[in-house]
DNA sequence: CGCATACAATTTGTATACATAAGGTATGCA
DNA sequence: TGCATACCTTATGTATACAAATTGTATGCG
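Residue numbers (our numbering), protein chains in the order written: chain S, 3 to 236; chain H, 3 to 236.
Right, here's the structure in full:
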């Protein structure tokens, strides 16, 4: 009944998908979601369609919604496309930033740093997501933004293990990621497109190997996820 | 009542937006659309939301839908981003094409050539749209495709004058565009990514100057369109 | 025992009625 | 006459009832 109940629901579903609380391929039953979020089917269907437009869920005719899958074929495309998009967005952000943007970006970065210090995996991944999305907004390019958003969905889902410091090596990697964010902020602040581009590449290189391990973790890759393809995630 | 009445409506609305039959900024009243396409408000709202997700229309809270605007600020971004996206997509299409794709692409190109020979402006622009969208599908990159789709919306709307041969010079330009399509098909067929990239750049250069004229036609730019911001387009 | 078909149950799609919010108009007061 | 406020009109947002389609199950036949 509150006006922003829909917004809340939307953001919660995004969060649950990004944190793998709802694994790729899991079914989203309308009635169950309606009961959970206390609203009718009409607005819930609108939410599902919005999530579909954003790339979070896939819709099939008369067959309902399911969380966007992450099959291996697409993941190979992901690793090839990500550095390109991130580099382009970072350069544009450096060139088109406004000063208010920077304040927002710094706020997100502060929260992100805190989350990593607390070893809160899901929160770290979500705030990293918001950090890069904020850079996307600063780029002010409505044509590229949808691509960035789609990249970030899969990037964040893959990185759910990244911010879980299992070893000293991992801890160092996370610390370096935080530092790279700071450097990226500095480059964007000084409108240095070249530096921002280079830093985005460095940042990508840092996470790439770790992400690839998750995609192909010697035994078998996405099996853990694809096996659950038909589980209900509500 | 037929099942694909919705699909028909969706495609018709896309066409009318792309051909400027519905100018940028024009309001889309739900009840009027329902009457026109013979369906209830529920499915019509779903269509509007889908179009919103694709970038064809903009939605405002409690204020309905309107055709996506084309303001000058965004157009400057358009001209900078277009060659980048087109080049990337063309390369990927050459690298990832399947043979069935090529047959489809050739069919579209044949129809496109016919439309230009008939000097059918709207049809030419629409088939040019489908041609480049087909190349987008062939790239098999779900991350970049949304960017291409958004570029093509504005590109097609801008090009509505392009395929209207007002002079001998224009006619020649159109003929060259058709030839470039053929060359692009050949490059994609032979999986030559470099050639496809170069051809996409050439193709872009050909239309860029003409499109820029439309954006900034000496008197004033989008005024013709933005003035009609609140007209009803149903 | 295996498979196909018919039926039942569940889920999605559509229509309609109602609630709510925005915008315009008229009226009253300064 | 000008402006502010109250109200009325219109359009959007939500809920619910109904229709259609898909899936699972059971039964009958080969």
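In this text, a Cβ means the ideal position worked out from N, Cα and C, and glycines have one as well.
- Contact between residue 166 of chain H and residue 118 of chain H is ruled out by a C-beta separation of about 11 Å, above the 8 Å threshold.
- Residues are counted here when their Cβ sits less than 9 Å from a Cβ of chain S; for the stretch 33-49 of chain H these are 44, 47, 48, given in chain order.
- Proximity of the stretch 103-122 of chain H to the stretch 171-188 of chain S falls short of the contact definition, fewer than three beta-carbon pairs being nearer than 8 Å.
- Separation of residue 43 of chain H and residue 55 of chain S (C-alpha to C-alpha, rounded to the nearest whole angstrom) is 20 Å.
- According to DSSP, residue pairing for residue 68 of chain S in a beta bridge involves S:29, S:60.
- Separation of the CB atoms of residue 92 of chain S and residue 201 of chain S is rounded to 7 Å, and the pair is thereby assigned contact status at 8 Å.
- Per DSSP, reduced to three states, the secondary structure at residue 142 of chain H is coil, with no helix or strand assignment.
- For the 8 Å CB-CB criterion, residue 95 of chain H and residue 137 of chain H form a contact.
- Residue 57 of chain S is classed as buried because its beta carbon has at least 16 other beta carbons within 10 Å across all chains shown.
- Of the residues assessed, residue 74 of chain H falls on the exposed side of the cut-off, its CB having fewer than 16 other CB atoms within 10 angstroms.
- By the criterion of a C-beta distance shorter than 6 Å, residue 60 of chain S is surrounded in its chain by 68, 70, once the five residues flanking it on both sides are discounted.
- For a cut-off of 8 Å, the C-beta gap from residue 66 of chain S to residue 29 of chain S is around 6 Å, short enough to register as a contact.
- Taking 9 Å as the Cβ-Cβ cut-off, the stretch 84-96 of chain H approaches chain S at 84, 86, 87, 90, 94, given in chain order.
- What residue 52 of chain H touches in chain S, judged by beta-carbon distance under 9 Å, is 51, 54, 55, going in chain order.
- Residue 113 of chain S and residue 177 of chain S have their C-alpha atoms roughly 14 Å apart.
- Between residue 89 of chain S and residue 203 of chain S, the gap from beta carbon to beta carbon is short of 8 Å.
- A Cβ-Cβ distance of about 6 Å is found for the pair residue 32 of chain H and residue 47 of chain H, placing them in contact under the 8 Å criterion.
- A straight line joining the alpha-carbon of residue 98 of chain H with that of residue 207 of chain S spans about 25 Å.
- Distance from the CA atom of residue 190 of chain H to the CA atom of residue 144 of chain H, rounded to whole angstroms, is 19 Å.
- Here residue 116 of chain S is exposed. Its C-beta has fewer than 16 other C-beta atoms within 10 Å.
- Between residue 148 of chain S and residue 149 of chain H, the gap from beta carbon to beta carbon is short of 8 Å.
- Residues of chain H with a Cβ closer than 8 Å to the Cβ of residue 152 of chain S are, in chain order, 144, 145, 148.
- For residue 88 of chain H, the enclosing alpha helix (DSSP H) starts and ends at 74-98.
- If the five residues before and after residue 80 of chain H are omitted, its C-beta is found closer than 6 Å to the C-beta atoms of 156, all from its own chain and listed in chain order.
- Residue contact check for residue 80 of chain H against chain S: a CB pair falls below 8 Å.
- Residue 168 of chain H and residue 110 of chain H have their C-alpha atoms spaced approximately 24 Å apart.
- In this chain, the alpha helix (DSSP H) harbouring residue 216 of chain S covers 195-217.
- Taking a Cβ-Cβ cut-off of 7 Å, the neighbours of residue 76 of chain H in chain S comprise 144, given in sequence order.
- The continuous alpha helix (DSSP H) containing residue 150 of chain H extends over residues 147-160.
- By the Cβ-count criterion, residue 130 of chain H is buried, with 16 or more other Cβ atoms from all chains shown falling within 10 Å of its own Cβ.
- For residue 101 of chain S, the enclosing alpha helix (DSSP H) covers residues 101-119.
- Ranking S:152, S:173, S:36 by CA distance to the CA of residue 19 of chain S puts S:152 first.
- The Cβ atoms of residue 51 of chain S and residue 52 of chain H sit closer than 8 Å to each other.
- Residue 6 of chain S and residue 205 of chain H have their C-alpha atoms roughly 46 Å apart.
- Sorting S:211, S:64, S:199 by C-alpha distance to the C-alpha of residue 161 of chain S places S:211 at the top.
- When the beta-carbon positions are compared, residue 86 of chain S and residue 217 of chain S stay at least 8 Å from each other.
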